[in-house]
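Taking it in order: structure first as structure tokens, then the write-up.
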Amino acid sequence: MLLLALDTSSAVGVALLDGERLLAQEQHLDPRRHGELLAPAVRSVLAAAGVDRRDLGAVAVGVGPAPFTGLRVGVVTALALSEALGVPVHGVSSLDALAATALAAAPASARGPLAGGFVVAADARRREVHWARVAVDDPSDALAGWRRTAGPDVSAPADVVTEGLPAVGRGAALYRDALPGPDVLAGASGQGQDSVALPLDPDPGVLGALVARRLAVGGELLPAQPLYLRRPDAQVPASLRPASSR
Amino acid sequence: MTTAGGSTAPLVLGIESSCDETGVALVRGAQLLGHAVASSVDEHVRFGGVVPEIASRAHLEALLPTMRRACEEAGATLADVDAVAVTAGPGLAGALLVGVAAAKALALALDVPLLGVNHLVAHVAVDVLVSGALPERSVALLVSGGHTELLDVRSPAGEGVGALRVELLGQTLDDAAGEAFDKVARLLGLPYPGGPHVQRAAEGGDPAAIAFPRGLTAAHDLRRHPYDFSFSGLKTAVAREVDVHRRAGGELDERFVADVAASFSEAVADVLARKTVSAALDRGVRTVLLGGGVAANARVRGLLAERCEAAGLDLRVPPLRLCTDNGAMVAALGALALADGLGPSPLDLATDPGLPVSTVVV
Ligand SMILES: [Zn+2]
Numbered sequence: 129m130l131l132l133a134l135d136t137s138s139a140v141g142v143a144l145l146d147g148e149r150l151l152a153q154e155q156h157l158d159p160r161r162h163g164e165l166l167a168p169a170v171r172s173v174l175a176a177a178g179v180d181r182r183d184l185g186a187v188a189v190g191v192g193p194a195p196f197t198g199l200r201v202g203v204v205t206a207l208a209l210s211e212a213l214g215v216p217v218h219g220v221s222s223l224d225a226l227a228a229t230a231l232a233a234a235p236a237s238a239r240g241p242l243a244g245g246f247v248v249a250a251d252a253r254r255r256e257v258h259w260a261r262v263a264v265d266d267p268s269d270a271l272a273g274w275r276r277t278a279g280p281d282v283s284a285p286a287d288v289v290t291e292g293l294p295a296v297g298r299g300a301a302l303y304r305d306a307l308p309g310p311d312v313l314a315g316a317s318g319q320g321q322d323s324v325a326l327p328l329d330p331d332p333g334v335l336g337a338l339v340a341r342r343l344a345v346g347g348e349l350l351p352a353q354p355l356y357l358r359r360p361d362a363q364v365p366a367s368l369r370p371a372s373s374r
Numbered sequence: 005m006t007t008a009g010g011s012t013a014p015l016v017l018g019i020e021s022s023c024d025e026t027g028v029a030l031v032r033g034a035q036l037l038g039h040a041v042a043s044s045v046d047e048h049v050r051f052g053g054v055v056p057e058i059a060s061r062a063h064l065e066a067l068l069p070t071m072r073r074a075c076e077e078a079g080a081t082l083a084d085v086d087a088v089a090v091t092a093g094p095g096l097a098g099a100l101l102v103g104v105a106a107a108k109a110l111a112l113a114l115d116v117p118l119l120g121v122n123h124l125v126a127h128v129a130v131d132v133l134v135s136g137a138l139p140e141r142s143v144a145l146l147v148s149g150g151h152t153e154l155l156d157v158r159s160p161a162g163e164g165v166g167a168l169r170v171e172l173l174g175q176t177l178d179d180a181a182g183e184a185f186d187k188v189a190r191l192l193g194l195p196y197p198g199g200p201h202v203q204r205a206a207e208g209g210d211p212a213a214i215a216f217p218r219g220l221t222a223a224h225d226l227r228r229h230p231y232d233f234s235f236s237g238l239k240t241a242v243a244r245e246v247d248v249h250r251r252a253g254g255e256l257d258e259r260f261v262a263d264v265a266a267s268f269s270e271a272v273a274d275v276l277a278r279k280t281v282s283a284a285l286d287r288g289v290r291t292v293l294l295g296g297g298v299a300a301n302a303r304v305r306g307l308l309a310e311r312c313e314a315a316g317l318d319l320r321v322p323p324l325r326l327c328t329d330n331g332a333m334v335a336a337l338g339a340l341a342l343a344d345g346l347g348p349s350p351l352d353l354a355t356d357p358g359l360p361v362s363t364v365v366v
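Going down the list, the sequences are from chains A and B. Numbering-wise, our numbering puts 240 at position 112 of the first sequence, and it's gapless, one number per residue. Numbering-wise, our numbering puts 233 at position 229 of the second sequence, and it's gapless, one number per residue.
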């Protein structure tokens with residue numbers, strides 16, 4: 129089944145998969161332009177794979193937790209695509225996708241530092257991180273060889289319950305004092321040439337594969353609704369009039 | 005293409021999400037086929053104004069259900085849709101983004117043109133669903149909780165929306181008219197949104213009881229701001245009136261509240277009508293269009309009608325459900341634009357919270 133995977137929890141990520149096999153993907157790091165970048169990326173990923181949109185079998189979307197505005201772009205895009213194409217839409221935690229991305233990033237032999245479990249942390253802005261902790265059962269299986277044991281939650285970096293485990297992800301990289309962990313995993317040679325930089329954001333291809341796996345064998349899939357975690361800021365602007373309406 | 009709607013003009017889906025109303029509608033030509041609106045107004049009540057993050061969350065929740073209702077009413081499916089129009093601005097950034105992202109996804113999935121349109125011009129264009137072709141020249145007064153604008157609209161006969169020229173004559177320098185009603189309601193201990201509550205309270209009141217100021221109507225203001233509005237002085241005057249009354253041992257009893265509400269409404273209606281009529285007369289325009297949620301206010305509508313009639317002007321007011329923010333106005337403008345060969349808008353279209361009124365299609 130052809131699956132279109134979207135994630136706008138941090139970067140703008142789009143991937144097209146046939147089952148767990150990646151056909152094409154695109155990722156853009158521009159936190160203020162989710163609304164502009166996502167739809168063209170969907171179109172170009174379909175074109176790159178030579179797939180007609182009507183042949184899609186399902187849509188998958190990372191539902192955060194994440195800062196609000198960009199996250200909604202991904203979720204509403206997934207919902208509207210699913211509605212118009214008449215295919216199901218599946219939500220998945222963007223932190224789960226980040227955990228799978230981290231494990232998948234390195235060859236199995238190089239996953240050592242993560243093999244004992246780790247913390248994933250995303251940038252929640254306002255000096256906070258969205259985080260979850262995972263226990264690893266089988267480091268060779270990036271999609272299903274681990275379980276979430278805490279989170280998703282939002283807190284100050286210093287308040288993350290790491291239990292001494294290394295932290296990965298953009299939120300960890302931003303606050304290394306509070307959330308130490310590897311930025312690079314040594315490769316099999318141990319010489320450094322084949323070392324792998326750990327990804328900061330969920331990889332859309334891995335997110336898609338995670339959803340495909342969970343669809344096949346079970347696992348947590350969520351409704352396509354944002355995981356906000358935070359209550360909205362109840363701030364009425366001084367005036368609703370747009371600042372530059374002249 | 006189906007024939008739902010009785011013609012073969014393209015079926016345009018319109019999406020509106022610039023403030024606190026999620027609107028979706030289907031229009032074919034100048035015919036409104038289906039129309040649904042979900043409002044998050046109740047969720048803003050305890051804050052006394054629109055909270056952008058709450059509005060954005062509500063748009064996301066309401067979008068698909070609202071779209072399904074509109075399609076059902078139109079007896080159409082998404083597969084019948086020939087183009088998708090959406091408000092690209094002006095409005096609240098996060099709120100606009102939800103509608104625009106949805107519209108892009110629909111246009112992509114249905115392989116139909118996308119049209120990002122101007123919300124203010126859409127308030128004008130909705131008139132075609134009621135009265136047919138736009139008048140060749142008109143002055144439009146748009147009044148709501150989010151905006152207060154006076155526009156000069158030129159739509160040369162037979163030349164379509166491609167020739168539409170919209171010029172901003174004036175706007176509020178501070179609060180929107182609807183916000184003034186909200187703030188005065190709060191001063192009088194009335195609930196949000198202020199418009200309907202102030203109107204109800206004003207019913208038994210004397211509109212001449214208190215001579216509230218008419219902002220920007222003094223001779224020296226008129227020279228610099230002939231068509232601009234200001235409601236902050238009026239709001240301050242109401243606050244002072246309430247304060248003086250309280251200090252004199254008075255209570256916010258029904259009588260006092262009624263007189264303040266009626267006198268305040270009179271001041272707002274007066275200044276709106278006065279400037280609108282003089283804009284039309286100054287520019288030799290015979291038709292006035294009224295749009296926006298404040299058109300619901302009986303005194304605003306009534307006084308404008310009176311003054312227009314006295315000046316020999318033709319006043320057009322769409323039914324209230326088309327005056328408040330809705331998808332039909334967006335679809336109507338989208339249909340006009342499409343018929344004129346405007347657009348399509350690019351898939352990387354950006355929302356523009358401050359989109360100038362001179363830009364009809366982005
Ligand atoms: Zn409006």
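The C-beta atom is built at its ideal place from N, Cα and C for all residues, glycine as well.
Should residue i go down as buried or exposed, given a rule of 16 or more other Cβ atoms within 10 Å for buried?
i: residue 20(B); result: buried
i: residue 57(B); result: buried
i: residue 27(B); result: buried
i: residue 351(A); result: exposed
i: residue 314(B); result: exposed
i: residue 183(B); result: buried
i: residue 349(B); result: buried
i: residue 299(A); result: buried
i: residue 32(B); result: buried
i: residue 71(B); result: buried
i: residue 157(A); result: exposed
i: residue 344(A); result: exposed
i: residue 129(A); result: exposed
i: residue 272(B); result: buried
i: residue 291(B); result: buried
i: residue 30(B); result: buried
i: residue 9(B); result: The pLDDT assigned to residue 9(B) is 45, lower than 50, so where the model puts this residue is not dependable, and the model offers no usable value.
i: residue 148(B); result: buried
i: residue 257(B); result: exposed
i: residue 244(A); result: exposed
i: residue 362(B); result: exposed
i: residue 254(A); result: exposed
i: residue 234(B); result: buried
i: residue 102(B); result: buried
My assumption, with CB atoms under 8 Å, is that residue i sits in contact with residue j. Please give the rounded CB distance.
i: residue 320(B); j: residue 293(B); result: 5 Å
i: residue 189(A); j: residue 217(A); result: 7 Å
i: residue 110(B); j: residue 212(A); result: 5 Å
i: residue 22(B); j: residue 133(B); result: Their Cβ separation, rounded to whole angstroms, is 19 Å, which puts residue 22(B) and residue 133(B) out of contact at 8 Å.
i: residue 282(A); j: residue 193(A); result: 6 Å
i: residue 119(B); j: residue 365(B); result: 6 Å
i: residue 156(B); j: residue 173(B); result: 5 Å
i: residue 220(B); j: residue 229(B); result: 5 Å
i: residue 277(A); j: residue 262(A); result: 6 Å
i: residue 357(B); j: residue 93(B); result: 6 Å
i: residue 326(A); j: residue 308(A); result: Not really, about 13 Å apart at Cβ, beyond 8 Å.
i: residue 113(B); j: residue 359(A); result: Rounded, the Cβ-Cβ distance is 33 Å, inconsistent with contact.
By the 7 Å beta-carbon criterion, what residues does the stretch 188 to 217 of chain A contribute toward chain B? 196, 197, 200, 201, 203, 204, 205, 207, 208, 209, 211, 212, 213
When Cβ atoms are compared, which residues of the stretch 170 to 187 of chain A fall closer than 8 Å to chain B? 170, 171, 181
Compile a chain-ordered list of the residues in the stretch 154 to 171 of chain A whose CB is closer than 9 Å to at least one CB of chain B. 161, 162, 163, 164, 165, 166, 167, 168, 170, 171
Specify which residues have a beta carbon nearer than 5 Å to any heavy atom of ligand 1, listing them in chain order. 148(B), 329(B)
Scan the stretch 280 to 311 of chain A for residues whose Cβ lies nearer than 8 Å to a Cβ of chain B and list them as they occur along the chain. none
Any C-beta of chain A within less than 9 Å: which residues of the stretch 11 to 40 of chain B qualify? 23
Within the stretch 207 to 256 of chain B, ranges of the alpha helix (DSSP H) (whole runs, at least 4 residues): 223 to 228, 236 to 251
Which residue spans inside the stretch 29 to 88 of chain B form an unbroken beta strand (DSSP E) run of at least 3? 35 to 43
Could you name the residues of the stretch 288 to 322 of chain B whose beta carbon sits closer than 7 Å to any beta carbon of chain A, in the order they occur along the chain? none
Looking at chain A, which residues of the stretch 100 to 129 of chain B have a Cβ within less than 7 Å of any of its Cβ atoms? 101, 102, 104, 105, 106, 108, 109, 110, 112, 113, 114
Runs of beta strand (DSSP E) wholly within the stretch 227 to 274 of chain A (minimum 3 residues, chain order): 246 to 251, 257 to 264
Pull out every residue of the stretch 79 to 99 of chain B whose Cβ sits closer than 9 Å to any Cβ of chain A, in chain order. 82, 83, 85, 93, 94, 95, 96, 97, 98
To test your reading of the DSSP string, which unbroken beta strand (DSSP E) runs of 3 or more residues are found completely within the stretch 259 to 337 of chain B? 291 to 295, 318 to 320
Minimum length 4: unbroken alpha helix (DSSP H) runs contained in the stretch 87 to 121 of chain B: 97 to 114
Ignoring anything shorter than 3 residues, give me the beta strand (DSSP E) runs that lie fully in the stretch 158 to 223 of chain A, in order along the chain. 186 to 190, 217 to 220
Using Cβ-Cβ distances below 8 Å, what residues of the stretch 174 to 193 of chain B are close to chain A? 175, 176, 178, 179, 180, 183
Ranges of the beta strand (DSSP E) found wholly within the stretch 138 to 212 of chain B, counting only runs of at least 3: 141 to 147, 152 to 158, 169 to 175
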